[in-house]
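Q: Structure in structure tokens, see below.
2 protein chains.
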Amino acid sequence: MKTYNILNRNAIDEIEKIVGKKNIITESEGFFNYNHDEFALDEIKHNPEIVVKPSTTEEVSDVMKIASREKFPVVARGGATGLVGGCVPSFGGIVISTERMNRIIEIDEANLMVTLQSGSTLRDFYSSIKRKKLFFPPHPGEESATIGGVISTNAGGTRAIKYGTIRNFTRYVEAVLADGSIITSGGKVIKDSTGYSLLHLLIGSEGTLGIITKAVLSVLPEPEDMITLIIPYKDIKTCLTGVPSILKSSVRPLAIEFIDKKVIEIAQKYTGKHWPSMQGDIFLLIILEGNKEEIEKHCEIIADICLNQGAIDVFIADSQQKQDDILYVRSMVYEALKFETIEILDVSLPPDQMATHISSVDNISAKYNVWLPTYGHAGDGNLHTHIMKITPGGDKITDWKNIFMEIRNEIIFDGIQKGGKISGEHGIGLIKKQYLEMCLGKTSIEIMKKIKQAFDPLYILNPGKIFDPD
Amino acid sequence: MKTYNILNRNAIDEIEKIVGKKNIITESEGFFNYNHDEFALDEIKHNPEIVVKPSTTEEVSDVMKIASREKFPVVARGGATGLVGGCVPSFGGIVISTERMNRIIEIDEANLMVTLQSGSTLRDFYSSIKRKKLFFPPHPGEESATIGGVISTNAGGTRAIKYGTIRNFTRYVEAVLADGSIITSGGKVIKDSTGYSLLHLLIGSEGTLGIITKAVLSVLPEPEDMITLIIPYKDIKTCLTGVPSILKSSVRPLAIEFIDKKVIEIAQKYTGKHWPSMQGDIFLLIILEGNKEEIEKHCEIIADICLNQGAIDVFIADSQQKQDDILYVRSMVYEALKFETIEILDVSLPPDQMATHISSVDNISAKYNVWLPTYGHAGDGNLHTHIMKITPGGDKITDWKNIFMEIRNEIIFDGIQKGGKISGEHGIGLIKKQYLEMCLGKTSIEIMKKIKQAFDPLYILNPGKIFDPD
Chain A
176 MKTYNILNRN
186 AIDEIEKIVG
196 KKNIITESEG
206 FFNYNHDEFA
216 LDEIKHNPEI
226 VVKPSTTEEV
236 SDVMKIASRE
246 KFPVVARGGA
256 TGLVGGCVPS
266 FGGIVISTER
276 MNRIIEIDEA
286 NLMVTLQSGS
296 TLRDFYSSIK
306 RKKLFFPPHP
316 GEESATIGGV
326 ISTNAGGTRA
336 IKYGTIRNFT
346 RYVEAVLADG
356 SIITSGGKVI
366 KDSTGYSLLH
376 LLIGSEGTLG
386 IITKAVLSVL
396 PEPEDMITLI
406 IPYKDIKTCL
416 TGVPSILKSS
426 VRPLAIEFID
436 KKVIEIAQKY
446 TGKHWPSMQG
456 DIFLLIILEG
466 NKEEIEKHCE
476 IIADICLNQG
486 AIDVFIADSQ
496 QKQDDILYVR
506 SMVYEALKFE
516 TIEILDVSLP
526 PDQMATHISS
536 VDNISAKYNV
546 WLPTYGHAGD
556 GNLHTHIMKI
566 TPGGDKITDW
576 KNIFMEIRNE
586 IIFDGIQKGG
596 KISGEHGIGL
606 IKKQYLEMCL
616 GKTSIEIMKK
626 IKQAFDPLYI
636 LNPGKIFDPD
Chain B
176 MKTYNILNRN
186 AIDEIEKIVG
196 KKNIITESEG
206 FFNYNHDEFA
216 LDEIKHNPEI
226 VVKPSTTEEV
236 SDVMKIASRE
246 KFPVVARGGA
256 TGLVGGCVPS
266 FGGIVISTER
276 MNRIIEIDEA
286 NLMVTLQSGS
296 TLRDFYSSIK
306 RKKLFFPPHP
316 GEESATIGGV
326 ISTNAGGTRA
336 IKYGTIRNFT
346 RYVEAVLADG
356 SIITSGGKVI
366 KDSTGYSLLH
376 LLIGSEGTLG
386 IITKAVLSVL
396 PEPEDMITLI
406 IPYKDIKTCL
416 TGVPSILKSS
426 VRPLAIEFID
436 KKVIEIAQKY
446 TGKHWPSMQG
456 DIFLLIILEG
466 NKEEIEKHCE
476 IIADICLNQG
486 AIDVFIADSQ
496 QKQDDILYVR
506 SMVYEALKFE
516 TIEILDVSLP
526 PDQMATHISS
536 VDNISAKYNV
546 WLPTYGHAGD
556 GNLHTHIMKI
566 TPGGDKITDW
576 KNIFMEIRNE
586 IIFDGIQKGG
596 KISGEHGIGL
606 IKKQYLEMCL
616 GKTSIEIMKK
626 IKQAFDPLYI
636 LNPGKIFDPD
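The listed protein sequences correspond, in order, to chains A and B. For reference, each letter of the first sequence is one residue, going 176 to 645 in the numbering used here. For reference, each letter of the second sequence is one residue, going 176 to 645 in the numbering used here.
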């Protein structure tokens, strides 16, 4: 186990000089907003010793020079919308919050690339490019997430079928390393085979290798039109059976989600927004984009496939408002279930293993009498199972702490056994470390630890995340 | 500089036991096929001490165990279609040829993924999936390239605009490390945020971190139809000016290439195949895919854009034969120019910098009176400049060795200055090492060397490639 030094008055004074007095927090009453993320359990909360809010890469670099000189642990924090404790300062030390590093530096319309500071939120990013009629396909849910955060977890979300996850859109990052040095990887280029891809190594590294301070993301021209289909089915098996036919058709949807009615009812109530159908037990949500005529044609093709494979009906939301409502209800599912949720998993499976994995989850639900609502990205095999504190009938479970870990283990083991990965988009963070070796093998983890060592020999960057130091 | 041991009789006997006598070559007359790649200059040729042709991952692993025990250098060799000396055994030692590891293990139609041994050629891969009506968008040129090779260089090619390079399609690799241990990274999953992506680190690492033995690639349903447009322009400037409008339109082509008439004339003569137009000085080559009706519509949109922006005409090749001929002429440009080519570069630029970079190349051509035909991937900024041994007028240059390095430096420096990278798809190999620090910065290279150290502490895997050992 590594040990770290406690921040002393001198170091705090030095840091204050770098960012200014009003951009640090040193009193514990200010730490509440910086000691947790969206993971539900209080056990992981941990206060930092100082919160620092730099506004430039150079300020981040100067803070890291002090941290490495003094051996202080440092955790970068973006929107803190993560679900695995990734930005929690588990060893105290310094939280570098990127909240002031929120500048959208350039929208390069000629190259279809946007340069931004890592603390820019998805919300600001989406709205700034919308004004230029540009489009960023990935939509990893909560829009208060920051660019640095979504790159650090390789976030995916609902709209990853056609164009892929954040990884596919990230062209360049600038990052501050543990010793304060600044590296860049990639550029405003689409093809790059120039040395090892530090860019792709940093993507998904959860702030353990470097603090991402700037990025260039590719964008696309805004599609002429977009349409959302809601397709009810009588049961999950019928619903998922149809998905491969969609994927093998001539239509490539932006998103193919499935979600059960019980969950939608709760999210509808929570959001006050309308969902177009309450038939059946489960829905496919499909988003199509393109030009008007094409979409109409594609809509017909998809409707035919689904109706031939047991869909009860096909509802089309074509107005912007209706589609926004649907995406909002879907995006707020997590929020709506949050109060009774212990944890939300994100097992990523070979797409054809989804149905049998969900059967296993149903069996686990019955065995423990715990509600385990499961929904997710039907097109890419990435599932979200909520482990709830209530029974399928809605009764509170008081002794959930006794069974939580067993349930979690059973679901995750089943996913791994079916060729799946323990995280499709949330990352490992603090809370999935124990499954990593089972999922990846000992040799791979040894290599990862050596890579960590290469970037951060003192082990001061986001310690205790992904894996423990030896 | 690292030193290595020379293979001794005992080690050769051991290796022979692993793969069988008929699967090794130890006599120098057999080395001719294994001492070079497609890079034109003889200077880089180097014989191995033994060529080994394993058929399984385990055999590769067993050979690596001997190599690491004895400190023999090892170079993996696929189709040897590389252009930067990447598979040349510059330090002698062992060449592991993957020519017998050519099994297409599984075509998984439900998950749209194909599992293959790394020695499978692109040709076999394309034809095996075609029978199942599946499609692999990237087309990095020469189809005798192997899957291991195209992953190791993150190859791109002509059809990377819509769906990206090999990186975007690689879901999983199995690799043998320097010490013989076998790791896997990724899986039959589309989303993966489970630890550092060794998968994406291995992609493009040119055989210096591990020997890729197996891979899973994503494929797509075969498009209903495909069409190729040949669009002549009077000059390069007019030609490239139109490209951003295409990229910002509602149509997303599979490929947008530009190529000059002089080059096409040579390639046409070389291949004996027909090119649809000889108007103007330069052509755009655009490939569209989708269903029949859509393509027709898209064709009109593209034709309108191009004609509005100065195109002389628009030729449509719709039959399979005509399209195959065009792709063949384009793919054979390198072969057609090869005899008089010293080197072919692959600078990757921000797309809006292409035209000014080509101006620079024209100036360099005039300054040295050397023909520098340049063509490439107009949609993604990746350019191929041939440094020729002849003048623009076609005269032989006898003293080309005196000016070659200066020309090369000027072109590459101009690319870097314009925000470009020195390799978009060929890799660094043996011959671009001297530009790496200028392009990436010292700190990044130090990190890369530490990563190399983490994977291969004895520095036996493909030594002398990408960078030199310290």
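Ideal Cβ positions, reconstructed from N, Cα and C, are used throughout, including at glycine.
Please go through the same chain and pick out, in chain order, the residues whose beta-carbon is closer than 7 Å to the beta-carbon of A/Tyr445, but skip the five residues on each side of it.
A: Same-chain partners within the cutoff: Met507, Glu510 and Ala511.
Q: Can the beta-carbon of B/Ser619 be found closer than 9 Å to that of A/Ser452?
A: The answer is no: Cβ separation not under 9 Å.
Q: Can you give the Cα-Cα distance for B/Asp631 and B/Thr388, rounded to whole angstroms?
A: If you take the alpha carbons of B/Asp631 and B/Thr388, they lie about 17 Å apart.
Q: Quick check: what's the CA-CA separation for A/Val250 versus A/Glu204?
A: Straight-line Cα distance between these residues: approximately 19 Å.
Q: Does B/Pro163 come within less than 9 Å of chain A when only Cβ atoms are used?
A: Any answer about residue 163 of chain B is impossible in this case: the structure gives chain B only from 176 up to 645.
Q: Sort B/Leu633, B/Gly639, B/Leu636 and B/Phe588 by Cα distance to B/Leu615 and report the nearest one.
A: The shortest C-alpha separation from B/Leu615 is found at B/Phe588.
Q: What separation, rounded to the nearest whole angstrom, lies between the Cα atoms of A/Gln443 and A/Arg505?
A: When rounded, the distance between both Cα atoms is 9 Å.
Q: Could you check which residue in B/Ala629, B/Gln628, B/Thr256 and B/Leu611 has the C-alpha nearest to that of A/Gly370?
A: When each option's Cα is compared against that of A/Gly370, the closest is B/Leu611.
Q: Any beta carbon from chain B within less than 9 Å of A/Tyr371's own beta carbon?
A: With 9 Å as the cut-off, A/Tyr371 counts as an interface residue toward chain B.
Q: Roughly how many angstroms separate the alpha carbons of B/Gln496 and B/Tyr503, rounded to a whole number?
A: B/Gln496 and B/Tyr503: Cα-Cα distance of roughly 10 Å.
Q: Note down, in chain order, each residue of its chain lying with its Cβ closer than 6 Å to the Cβ of A/Ala255, except the 5 sequence neighbours on either side.
A: So the list reads Asp212 and Cys262, once near-sequence residues are dropped.
Q: How about B/Glu234: is its C-beta nearer than 9 Å to some C-beta of chain A?
A: Chain A, which has no Cβ nearer than 9 Å to the Cβ of B/Glu234, makes this no.
Q: One question on the structure: do B/Ser265 and B/Met276 come within less than 9 Å of each other, judged by their Cβ atoms?
A: Their beta carbons are not under 9 Å apart, which means B/Ser265 does not touch B/Met276 by this criterion.
Q: Quick check: the Cα distance between B/Pro398 and A/Tyr408, rounded to an integer number of angstroms?
A: Computed Cα separation, rounded: 29 Å.
Q: Thinking just about the alpha-carbon of each residue, which of A/Val489, A/Leu460 and A/Phe433 is nearest to the one in A/Ile533?
A: Of the listed residues, the one whose Cα sits closest to A/Ile533 is A/Phe433.
Q: Count the CB pairs spanning the segment 520-535 of chain A and the segment 554-565 of chain A that are closer than 8 Å, and state whether there are at least three.
A: Output reads yes: the segment 554-565 of chain A touches the segment 520-535 of chain A.
Q: Could you tell me the distance, in whole angstroms, from the CA atom of A/Lys542 to the CA atom of A/Met563?
A: Going by the C-alpha atoms only, they are around 14 Å apart.
Q: Looking at the structure shown, is B/Met646 part of a helix, part of a strand, or coil, going by DSSP?
A: This structure does not reach residue 646 of chain B, given that chain B is present from 176 up to 645, and the question cannot be answered.
Q: In or out: B/Glu468 buried (at least 16 other Cβ within 10 Å) or exposed?
A: It counts as exposed.
Q: Among A/Gly485, A/Ser420, A/Leu404 and A/Thr516, which one has its Cα closest to the Cα of A/Glu464?
A: Minimum Cα distance to A/Glu464 is reached at A/Leu404.
Q: Within its chain, find whatever has a CB closer than 7 Å to the CB of A/Lys177; leave out the 5 residues flanking it on each side and keep chain order.
A: So the list reads Tyr634, Pro638 and Pro644, once near-sequence residues are dropped.
Q: Would you say B/Glu600 reaches chain A, if we count a Cβ-Cβ gap shorter than 9 Å as a contact?
A: Yes, B/Glu600 counts as interfacial toward chain A.
Q: Do you know whose CA, among A/Asn544, A/Leu547, A/Lys576 and A/Gly551, lies nearest A/Pro526's CA?
A: Comparing Cα-Cα distances from A/Pro526 to each of A/Asn544, A/Leu547, A/Lys576 and A/Gly551, the minimum goes to A/Gly551.
Q: Have a look at the DSSP bridge pairing and note the partners of A/Gly361.
A: Paired residue(s): A/Tyr347.
Q: What first and last residue would you give for the alpha helix (DSSP H) that runs through A/Gln498?
A: Gln495 to Ser506 is the extent of the alpha helix (DSSP H) around A/Gln498.
Q: Kindly list, in the order they appear in chain B, the residues whose Cβ is closer than 8 Å to that of A/Met276.
A: Here the premise fails: no neighbours, minimum Cβ distance about 21 Å.
Q: Nearest-angstrom Cα distance between A/Arg427 and B/Ile480?
A: Those two C-alpha atoms are separated by around 25 Å.
Q: Does DSSP classify A/Asn143 as helix, strand or coil?
A: Since the first residue shown for chain A is 176 and the last is 645, residue 143 of chain A is missing from the structure and cannot be characterised.
Q: When you compare only the Cα positions, how much space is there between B/Glu245 and A/Ile322?
A: Rounded to whole angstroms, B/Glu245 to A/Ile322 spans 47 Å at the Cα level.
Q: For A/Lys192, decide whether its Cβ has a neighbour in chain B, counting only Cβ atoms nearer than 9 Å.
A: Not an interface residue.
Q: Which residues mark the beginning and the end of the alpha helix (DSSP H) in which A/Ala530 is found?
A: Met529 to Tyr543 is the extent of the alpha helix (DSSP H) around A/Ala530.
Q: Please state whether the Cβ-Cβ distance between B/Leu395 and B/Leu482 is less than 9 Å.
A: Contact: no.
Q: If you count every other CB in all the chains shown that lies within 10 Å of the CB of A/Thr597, and 16 or more means buried, which is it?
A: The question names Thr, but residue 597 of chain A in the sequence shown is Ile. By the neighbour-count rule (16 or more Cβ atoms within 10 Å), A/Ile597 is buried.
Q: Buried or exposed: A/Thr328, going by 16 or more other Cβ atoms within 10 Å of its Cβ?
A: By the neighbour-count rule (16 or more Cβ atoms within 10 Å), A/Thr328 is buried.
Q: Would A/Thr345 pass as a contact of A/Ile378 if the rule is Cβ separation under 9 Å?
A: Closer than 9 Å, so yes.
Q: For the candidate residues A/Ile225, A/Lys220 and A/Glu218, whose alpha-carbon lies nearest to that of A/Asn185?
A: Measuring from the Cα of A/Asn185, the nearest candidate turns out to be A/Ile225.
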